[in-house]
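Enquirer: Start counting at 1 in the sequence shown, then tack on 302, and there's your number in our numbering.
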Amino acid sequence: MIPDTISPSLLKLVEDELEVNESILWSETPKPRFFTPGSTATFGFAVVWTLFSMFWIAGASGFEIPRFNRGEDLFPLFGVPFLLIGFAMLSAPLWAYRNAFKTVYVLTDRRAITFIGGWRMTIRSFLPRELTVVYRKQAADGSGDVIFNAKRWKDSEGTSHSEEVGFLGIADVKRVEQQLKSMVDSHRRRANPRTE
303 MIPDTISPSL LKLVEDELEV NESILWSETP KPRFFTPGST ATFGFAVVWT LFSMFWIAGA
363 SGFEIPRFNR GEDLFPLFGV PFLLIGFAML SAPLWAYRNA FKTVYVLTDR RAITFIGGWR
423 MTIRSFLPRE LTVVYRKQAA DGSGDVIFNA KRWKDSEGTS HSEEVGFLGI ADVKRVEQQL
483 KSMVDSHRRR ANPRTE
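(1) For Val475, which three-state DSSP category applies?
(2) Does the stretch 363-379 come close enough to the stretch 387-401 to have 3 or more Cβ pairs within less than 8 Å?
(3) Over what stretch of residues does the alpha helix (DSSP H) that includes Ile387 continue unbroken?
(4) If contact is defined by three or more beta carbon pairs under 8 Å, each pair taking one atom from either stretch, is the stretch 319-336 in contact with the stretch 399-415?
(5) Out of Phe384, Leu386, Ser363 and Glu465, which has the shortest C-alpha to C-alpha gap to Phe377?
(6) Exposed or buried, Gly361, counting other C-beta atoms within 10 Å across all chains shown (16 or more means buried)?
(7) Taking buried to mean at least 16 other C-beta atoms within 10 Å of its own C-beta, is Ser458 buried or exposed?
(8) State the DSSP-derived secondary structure class of Arg431, mapped to helix, strand or coil.
(9) What is the rounded straight-line gap between the Cα of Val316 and the Cα of Met485?
(10) Under DSSP, the beta strand (DSSP E) around Trp328 begins and ends at which residues?
(11) Residues bridged to Val349 by DSSP?
(12) Quick one: Cα of Thr461 to Cα of Ala452, how far?
(13) Apart from the five residues just before and just after Ser341, which ones in its own chain have a Cβ nearer than 6 Å to its Cβ?
(14) Counting along the chain, where does the alpha helix (DSSP H) carrying Lys333 start and finish?
(15) Taking Cβ to Cβ, would you say Ile472 is nearer than 7 Å to Glu366?
(16) Go through the stretch 392-423 residue by residue and report every complete run of the beta strand (DSSP E) that reaches 3 residues or more, in order.
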């Protein structure tokens, strides 16, 4: 039930994470996309940042190509690190696309597991009791996101932020939502058997 598109190292991680007699109901890698919500926001900010950095460098050099034979001709070079940071942020969509190949979502008969790749692998398990609110965001083609958790925090200024957690960018989102809800319902029925 594990997709054949995942790498052998990722497959080993999934197999090592499973408990004894735990069976996989569904698993999938996300659809690779350049512009995810996170990468789009970073890219938009990077466009403004990079253009400002370029304008600052040009202005600091008097809108001329410096000859670097005087000390003040070196002043525009202070903008180069900011320009490089801008170029790095402009590459956010490429990293989002690349990280999709290092990510896999797994639904077992006991829990939902996300393996999120990047610089480091982040593995998170969600037990049925943690899956109290499950909903989907669906596109016209049936793909989308199954959301089952949210990460909330406040920054140093006290502004609240949240991030939705779930199976993001998957193909048949409605079917996966139904499978997830069925697994949760099955566990709830076993935990609270009805007496008639």
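All residues carry an ideal CB built from backbone N, CA and C; glycine is no exception.
Expert: Answer, in terms of the structure:
(1) Residue state, collapsed to three classes: helix.
(2) The way I'd put it, the stretch 363-379 doesn't touch the stretch 387-401; fewer than three beta-carbon pairs between them come closer than 8 Å.
(3) Judged by DSSP secondary structure, Ile387 falls within the alpha helix (DSSP H) whose first and last residues are Val382 to Leu392.
(4) Enough Cβ pairs lie closer than 8 Å, so yes.
(5) For Phe377, the closest C-alpha among the options Phe384, Leu386, Ser363 and Glu465 is that of Ser363.
(6) Label assigned to Gly361: exposed.
(7) Classification for Ser458: exposed.
(8) Helix, per DSSP.
(9) C-alpha separation (whole angstroms): 19 Å.
(10) Ile326 to Glu330 is the extent of the beta strand (DSSP E) around Trp328.
(11) The beta-bridge partner set that DSSP reports for Val349 is empty.
(12) Whole-angstrom Cα-Cα distance: 16 Å.
(13) Once the five neighbours on either side are set aside, the close Cβ partners of Ser341 are Ala394, Pro395 and Ala398.
(14) Annotation for Lys333: no alpha helix (DSSP H) segment contains it, and DSSP assigns it neither H nor E.
(15) No; because the gap between Cβ atoms is not below 7 Å, this pair is not in contact.
(16) If we require 3 residues or more, the beta strand (DSSP E) runs fully inside the stretch 392-423 come out as 406-410 and 414-418.
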